[in-house]
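Scroll down for the structure; my scribbles are underneath it.
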Amino acid sequence: VELSCSYEYPDKLQNRSTPVETLWFTKEDHSQPGGLVSDTDYAGRVERSCEEHSCSLSSCSGNCTLRIRDLRQSDSAEYKVRFITNQPGGEYTGDPGVKLTVTGLRVEGAAVAPVTEGQRVTLSCSTRCLLPGQPSYIWYHNKGPVAEPESTMNKLVLDPVSLQHAGNYSCSVRGYRHQSPEETLTVSYAPKTTSVTASPSGEKEEGSSVTLSCSSEAKPEANSSSVEEPGQILTTAVITSELGGDYYCEQCNRTRKMASGKASGPAGRPDTTEVRHRKPYC
Numbered sequence: 495v496e497l498s499c500s501y502e503y504p505d506k507l508q509n510r511s512t513p514v515e516t517l518w519f520t521k522e523d524h525s526q527p528g529g530l531v532s533d534t535d536y537a538g539r540v541e542r543s544c545e546e547h548s549c550s551l552s553s554c555s556g557n558c559t560l561r562i563r564d565l566r567q568s569d570s571a572e573y574k575v576r577f578i579t580n581q582p583g584g585e586y587t588g589d590p591g592v593k594l595t596v597t598g599l600r601v602e603g604a605a606v607a608p609v610t611e612g613q614r615v616t617l618s619c620s621t622r623c624l625l626p627g628q629p630s631y632i633w634y635h636n637k638g639p640v641a642e643p644e645s646t647m648n649k650l651v652l653d654p655v656s657l658q659h660a661g662n663y664s665c666s667v668r669g670y671r672h673q674s675p676e677e678t679l680t681v682s683y684a685p686k687t688t689s690v691t692a693s694p695s696g697e698k699e700e701g702s703s704v705t706l707s708c709s710s711e712a713k714p715e716a717n718s719s720s721v722e723e724p725g726q727i728l729t730t731a732v733i734t735s736e737l738g739g740d741y742y743c744e745q746c747n748r749t750r751k752m753a754s755g756k757a758s759g760p761a762g763r764p765d766t767t768e769v770r771h772r773k774p775y776c
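Going by the numbering used here, the first residue of the sequence shown is number 495, and it counts up by one from there.
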C-alpha cells in the first residue's frame, strides 16, 4: 500500500533557509525517533521517498510517499508525518493523519456446533475489505488445496458432508499472499463397526461365567449400549444350555442412530462379522 502527503512551508525565516526532514510515524509517544523506517515492527517492509522540493517566491512545496509491503493486521493504525526544520520551534505534525485498516480473510461456518455426517455444510471465505474485480478463491483442507477448481464464489459447499471432510479449513484469494487462519470442522457420526465380544473367548462349559462386551467406533462416543437376546439385556451370566444362541450389541450417541453387531452365544465361538441394523432402543 502507498500513503502520500503533500505540504508547503516558507522558504526562509529571518533570512535563514528552511531545510525540511520528514518522518512517518504511528506512535505519538516519540518511541519511533527515526520514524517507521527504523521501527523493528516494519523492518524490511517500508520505504520512504520524497520528491525534490520546488520553491517559488517565498514558499516551497513537496510530496512524500510511504510504501508498506507485506501488510499485516497489526499495521492497522493512523499514519502521520512529522516535519522537522532548523527553525526555532520548527517541528510540525500533520494532523489528522491517514487511517489504515488491514483486514484479513476468515472462514465462517466451521466453528459452530459439530455437524452430522450426511448434512449439507457451507463454508464462507469473508473479509471486510472490498476486493477489486471478481477475485478467485482458493480453499485449503489440512493445509493442502481442496481438489476443486478455483471459484469466483467465496463459498465451499460440502454436500453431503462425510468423515473425510473433517479437519482444518482456510482460504486465500488469488494474487494475495496470505491465507486466512484455520477453522476446524468437526463431523459427528453414528456408531460404526459395532461388535460384541465374549470374555473369556472360545467355547464355554455349562456352569462357567462369561462377560459379553459391546464396542464401536463413534463420534461422539456412544453414551449407552446393551448386549441382548431378543427381549433380554445381558452383560454377565452363568452359562446354561438355554443361553446358547445369537446375541446382539446396540449402541447410541447423540446422533440418535445406532449400529448392531452379532455374536454367537456362550455355547459357541464369537462371530462379529455380521452387522444388522435394528430399531434403536435408545
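Idealized CB from N, CA, C, for every residue including glycine. All values reported here derive from a predicted model rather than from experimental measurement.
Asked	Found
Endpoints, the beta strand (DSSP E) within which Asn557 is located	Ser553 to Ile562
Straight-line Cα distance separating Val640 from Gly661	12 Å
Contacting residues, own chain, Cβ-Cβ under 6 Å from Ser666 (five flanking each side not counted)	Ile632 and Gln673
DSSP beta-bridge partners of Val592	Tyr573
Contact under 8 Å by Cβ, Val609 with Val704	no
Arg668 versus Gln628 - alpha carbon distance	10 Å
Collapsed DSSP secondary structure at His635 in the structure displayed	strand
Nearest-angstrom Cβ-Cβ length linking Ser707 and Ser693, presumed shorter than 8 Å	7 Å
Spatial distance of Ile733 from Tyr741 (CA atoms)	Only weak support exists for where Ile733 lies, its pLDDT of 44 falling under 50; the coordinates are left without a value.
Cβ-Cβ distance between Val531 and Arg561 below 8 Å	no
Asn747 classed as buried or exposed, judged by whether at least 16 other C-beta atoms fall within 10 angstroms	buried
Closest residue to Ser618 among Thr678, Val651 and Tyr670 (Cα-Cα distance)	Val651
Residue(s) in a DSSP beta bridge with Ser656	The partner list for Ser656 (beta bridge, DSSP) is empty, contrary to what the question assumes.
With 16 other Cβ atoms within 10 Å as the buried cut-off, status of Gln658	exposed
Under 8 Å between C-beta atoms of Lys500 and Ser550	According to the sequence as given, residue 500 is Ser; it is not Lys. Their beta carbons are not under 8 Å apart, which means Ser500 does not touch Ser550 by this criterion.
Residues near Tyr536 by beta carbon distance below 6 Å, same chain, minus five either side	Leu530
Helix, strand or coil at Gln745 according to DSSP, with G and I counted as helix	strand
Reduced DSSP secondary structure (H/G/I, E/B, other) of Ser620	strand
Contact belief for Cys558 with Arg542 at Cβ below 8 Å, rounded distance in angstroms	7 Å
Assumed close pair Ser819, Cys623 - CB separation to whole angstroms, cut-off 8 Å	What the structure shows of the chain is the stretch from 495 to 776, and residue 819 is not part of that stretch, so it cannot be assessed.
Bounding residues of the beta strand (DSSP E) (the contiguous stretch that carries Leu530)	Looking at the DSSP string, Leu530 is not in any beta strand (DSSP E), and its letter there is neither H nor E.
Test item: CB-CB of Ser656 and Glu611 under 8 Å	yes
Classification of Thr587 by the beta-carbon crowding that lies within 10 angstroms, buried from 16 upward	exposed
Counterpart residues of Leu706 in DSSP-defined beta bridges	Ala692
DSSP-derived helix/strand/coil call for Ile727	For Ile727, the pLDDT reaches just 42, beneath the cut-off of 50, and the residue's location in the model is therefore unreliable, although a value from the coordinates is still provided. If DSSP states are grouped into helix, strand and coil, Ile727 belongs with the strands.
CB of Lys574 within 8 Å of CB of Gly591, strictly	yes
Neighbourhood of Thr730 by C-beta, 6 Å cutoff - its chain only, sequence neighbours within 5 removed	Model confidence at Thr730 stands at a pLDDT of 42, short of 50, so the residue's coordinates are unreliable; what they give is reported in the following sentence. Once the five neighbours on either side are set aside, the close Cβ partners of Thr730 are Thr705.
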